[in-house]
Amino acid sequence: MKSKFSLEQVLGMAVVGTFVLMMLSVCIQVFSRYALPWSPSWTEELARFCFIYMVSLGAGLAIRDKSYVRVGVIFDRLGPKSRIRLEILILSCIGLLMSFMMYYSIPLIHIVTLQQSASMKLNMGLVYLSMLAMSSLTLWYVIREIFINSKTLKINS
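Residue numbers (the numbering used here): 522 to 678.
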């Protein structure tokens, strides 16, 4: 049975959802500072955690859309094959970094599960899980893009 949503759609909805939740949290904080005699302490922490997850979940989508930072001057001077080769090299470096991040995030998650966040009393392992999510999702998209670029390079050869 085919699923109704692709990974890209689920990630896109998660990124938008965390952004909306972050904005609501900030709006509650601003409103309560000026309109109420007290302001909830959890809103700043929630906004921070939403921002962390928004960036972590969106990193893989940035790889897919080629929205990461790159120097256009260098790419513009290269031919089509060299451009693809440089793209594969950059993606390989990103993949290596994400592999290290994935490997070292797992023990870190285990260490911080003993801690709770200050205001919301969330297990900090849930917050640090964003590192594993970011590295695994980004690595997935890096491998996919390297495969697509390699295929394109073979077709153009």
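Heads up, the beta-carbon is just placed ideally off N, CA and C, and yes, glycines get one too.
I want to know whether the segment 588-602 touches the segment 659-668 - three or more CB-CB distances under 8 Å. no
Suppose you measure from the CA of MET622 to the CA of PRO558; what does that come to, to the nearest Å? As a working mapping, residue 622 is identified with position 101 in the sequence shown. As a working mapping, residue 558 is identified with position 37 in the sequence shown. Using only the alpha carbons, I get a separation of about 44 Å.
From MET655 to PHE570, what does the alpha carbon distance come to, in whole angstroms?
Locating residue 655 in the sequence shown gives position 134, counting from the first residue. Locating residue 570 in the sequence shown gives position 49, counting from the first residue. In a straight line, the C-alpha of MET655 is about 14 Å away from that of PHE570.
In this structure, how does DSSP classify GLN530 when only helix, strand and coil are distinguished?
In the sequence shown, residue 530 corresponds to position 9, counting from 1. GLN530: helix per DSSP, three-state reduction.
**Message:** Under 8 Å, Cβ to Cβ, is there at least one residue of chain C near PRO561?
**Reply:** No chain C is part of this structure, which consists of one protein chain only.
**OP:** Under 8 Å Cβ to Cβ from LEU629, same chain only, skipping five residues before and after it: list those, please.
**Re:** The sequence position of residue 629 within the sequence shown is 108, counting from 1. TYR649, MET652.
Please check the pair LEU612 and GLU529, which I expect to be a contact at CB under 8 Å, by giving their CB distance rounded to whole angstroms.
Working through the sequence shown from its first residue, we reach residue 612 at position 91. Working through the sequence shown from its first residue, we reach residue 529 at position 8. Contact doesn't hold; Cβ gap of about 18 Å is too wide.
Can you tell me whether SER524 is buried or exposed, with buried defined as 16 or more other CB within 10 angstroms of its CB? Translated into positions along the sequence shown, residue 524 becomes position 3. Exposed: under 16 other Cβ atoms inside 10 Å.
Could you give the distance in angstroms between the alpha-carbon of SER638 and the alpha-carbon of VAL592? Translated into the one-based positions of the sequence shown, residue 638 becomes position 117. Translated into the one-based positions of the sequence shown, residue 592 becomes position 71. So the alpha carbons of these two residues sit roughly 39 Å apart.
Pairing CB atoms from the segment 535-548 with CB atoms from the segment 561-578, are three or more of them under 8 Å? yes
*CB-CB under 8 Å to ILE584, same chain, minus the five flanking residues each way: which ones, in chain order?*
Stepping through the sequence shown from its first residue, residue 584 is reached at position 63. Counting only Cβ-Cβ distances below 8 Å, and skipping sequence neighbours, we find LEU612, ILE615, THR659, TYR662, VAL663, GLU666.
Proximity below 8 Å, CB of ILE605 to CB of ASN670: Position 84 of the sequence shown, counted from the start, is the residue given in the question as residue 605. Position 149 of the sequence shown, counted from the start, is the residue given in the question as residue 670. Cβ atoms of ILE605 and ASN670: closer than 8 Å.
- Query: Hey, TRP563 and MET645 are a contact pair by Cβ (cut 8 Å); roughly how many whole angstroms apart?
  - Reply: To locate residue 563, count along the sequence shown from 1; it is residue 42. To locate residue 645, count along the sequence shown from 1; it is residue 124. No, TRP563 and MET645 are not in contact; Cβ-Cβ is about 15 Å, not under 8 Å.
**Asked** Between the C-alpha atoms of LYS602 and TYR624, what's the straight-line distance to the nearest angstrom?
**Response** Counting from 1 along the sequence shown, the entry for residue 602 is found at position 81. Counting from 1 along the sequence shown, the entry for residue 624 is found at position 103. Straight-line Cα distance between these residues: approximately 33 Å.
Considering only DSSP beta bridges, list what GLN637 is partnered with.
Taking the sequence shown and counting its residues from 1, one reaches residue 637 at position 116. The partner list for GLN637 (beta bridge, DSSP) reads ASN644.
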